């Protein structure tokens, strides 16, 4: 036992059984210096300062590295902040004819309060901007002639009061919507005080010495011997002379008046009228330059007006005009001088224009030409307006619906005409004056009156807003999906667009304007023919950026594409049967 104890004291133990001996190590061997050995270095004259120096170097290095990391974060180049597009470059606006939209008080005439009532519905559909017809006082003998201005400083009482207009604007702003309006500053009514009083200095006039004196565009001025005035579009609408200081001052004042009420943008009318280009239609370089100078000057007036008005100085106001698409030769600077130019050429496009080729090929020519000008000026696509017949009058209903779908896929801002989302047709009385069809109530929910005013009628088309809204595959629902998609994906507003046509199928490709940025690509296919078309996606890869495409996802499909549903996957290498007058939008 004594031997065993001595072994244990030495840190070892031995176990013996059946002649086998096992040794155990009861404590590990020491590694390195012991505490006693280290103690001798505590106050060693050599190691003590070495330890102190190394300790200081460690923490100094740590602090320097920490400071360097902070400096790198602070002084390194920042990532470029993504610039948000200005609201009017991405808008889906909704053009409203005030007399025809919604009558809130039962007098048979649409009004400001009627528009206010419907703002929630329009917002749900994806509308971001309300575009009002002129609100100024017009000739009492007319209701729908917005250019027949009597007093531009007053709100027409038939539409409501100035306070009701301000309330409409405020409610729209509260819903994150904008309000713009037509304000044709270049033409007035013959009953306007300036014209009625014979103040020729305010108007575009000619005398017998002028080569345009016998032009059909100039009309005799009663009581003014040998003086004729320019009328646009007819003799009832004298054209003001934008070279006149008084006319320019008038323009500034009325723009300031309505923008100070909260209006976010103004359509000043047709470029041809504002610039006076119709006066200078001779194919003469000097004449064209003169017309350009008018537009430049007027654009400057608009900007100066904004900058000199404290209430609107910092506001992103939207000023725009409509092209005269019939003008064969128009100066490029005319199109660039204003913030936006409405491409209204499609408002005159009709099926009769395509007698020599199919509708898809004919439309391809229009769209391809328009897309080639996107870099020249900001596009604002308009397929219907109050001055034209409706799409459903110019084309069969299904083709008209396809064109609305195509419009919402175009790059730039979009202008929809009230009722276009329903495929409405024109009034039986007048092509522009269709009362909006809201529901199945009397007068289609437009007004509770027993008799509508002369010139106002319900559409020949029986569909209503309510019936469209409750039908998933309706045109209204397609408009809603595309309008909301435009708000989510900037490719639709700011990206590139290319078109191609194969037989009766028109293809529109949409992609990011920067090819180095990874993003979605969209392909819209529209069959304008009368027969089913078997289409292969690869046949239209010319409108898409060059890269490998795999599975796509359906975004929107029209009514008779019942086999396809939103978010359904589809193989780029496959084909599909596109029924007649149907369309589909696919995301890759």
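Numbering (the numbering used here), first residue to last: 619 to 1206. We put the CB at the ideal spot given by N, CA and C, even for glycine. Values in this document were obtained by computation on a predicted structure and should not be read as measured data.
About 7 Å separates the beta carbons of residue 726 and residue 1069, which is inside the 8 Å limit, making them a contact pair.
For residue 732, the enclosing alpha helix (DSSP H) has its first and last residue at 730–735. Beta-bridge analysis with DSSP links residue 1140 to 1128 and 1205. In this structure, residue 793 places its C-beta atom within 8 Å of the C-beta atom of residue 741. Linking residue 775 to residue 877 through their CA atoms gives a straight-line distance of about 19 Å.
Closest in alpha carbon position to residue 1135, among 1114, 1149, 1123 and 1150, is 1114.
Going by beta carbons, residue 820 and residue 768 fall outside the 8 Å limit. Excluding five sequence positions before and after residue 1093, the CB atoms of its chain that fall closer than 7 Å to its own CB belong to 1019, 1022, 1039, 1040, 1041 and 1086, given in chain order. Only exposed fits residue 657, as fewer than 16 other CB atoms lie within 10 angstroms of its CB. Beta-bridge pairing by DSSP links residue 1118 to 1125. Cβ contact annotation for residue 934 (same chain, cutoff 6 Å, sequence separation greater than five): 704, in chain order.
Under DSSP, residue 799 shares a beta bridge with 750 and 884. Taking the C-beta atoms as reference points, residue 711 is found nearer than 8 Å to residue 1031. Residue burial is scored here from C-beta neighbours: residue 702 has fewer than 16 other C-beta atoms within 10 angstroms and is therefore classed as exposed. Within the segment 1014–1092, the complete alpha helix (DSSP H) segments of 4 residues or longer fall at 1015–1025 and 1083–1087, listed in chain order. In this structure, the CA atom of residue 822 is about 23 Å from the CA atom of residue 937.
For residue 999, the enclosing beta strand (DSSP E) covers residues 997–1000.
A direct Cα-Cα distance of roughly 31 Å separates residue 980 from residue 751.
Under the three-state reduction of DSSP output, residue 1169 falls in the strand class. In this structure, residue 801 sits away from residue 756, with a CB-CB distance that is not shorter than 8 Å. Each residue's CA atom was taken as its position, placing residue 761 and residue 779 some 17 Å apart. Under the three-state reduction of DSSP output, residue 781 falls in the helix class.
The continuous beta strand (DSSP E) containing residue 1188 extends over residues 1187–1189. Taking 8 Å as the upper bound for CB-CB distance, residue 1084 and residue 1057 are in contact here, some 4 Å apart. Using a Cβ-Cβ distance cut-off of 8 Å, the segment 1137–1156 and the segment 996–1003 are not in contact, since fewer than three pairs of beta carbons, one from each stretch, lie closer than that value.
When 843, 1098, 977 and 1123 are compared, the shortest CA-CA separation from residue 816 is found for 843.
Distance from the CA of residue 1081 to the CA of residue 1007, rounded to the nearest whole angstrom, comes to 18 Å. Per DSSP, residue 819 lies in no beta strand (DSSP E) segment and is marked neither H nor E.
Residue 852 carries a coil assignment under DSSP once its states are collapsed to helix, strand and coil. Distance from the CA atom of residue 1195 to the CA atom of residue 1175, rounded to whole angstroms, is 12 Å. The continuous alpha helix (DSSP H) containing residue 670 extends over residues 665–693. When rounded, the separation of the alpha-carbon atoms in residue 804 and residue 1012 is 29 Å.
Beta-bridge partners assigned by DSSP to residue 858: 821. Bridge pairing for residue 1175: 1202 [DSSP]. Residues 1118 of the same chain have their beta carbon placed closer than 6 Å to that of residue 1160, with the five preceding and five following residues left out of the count.
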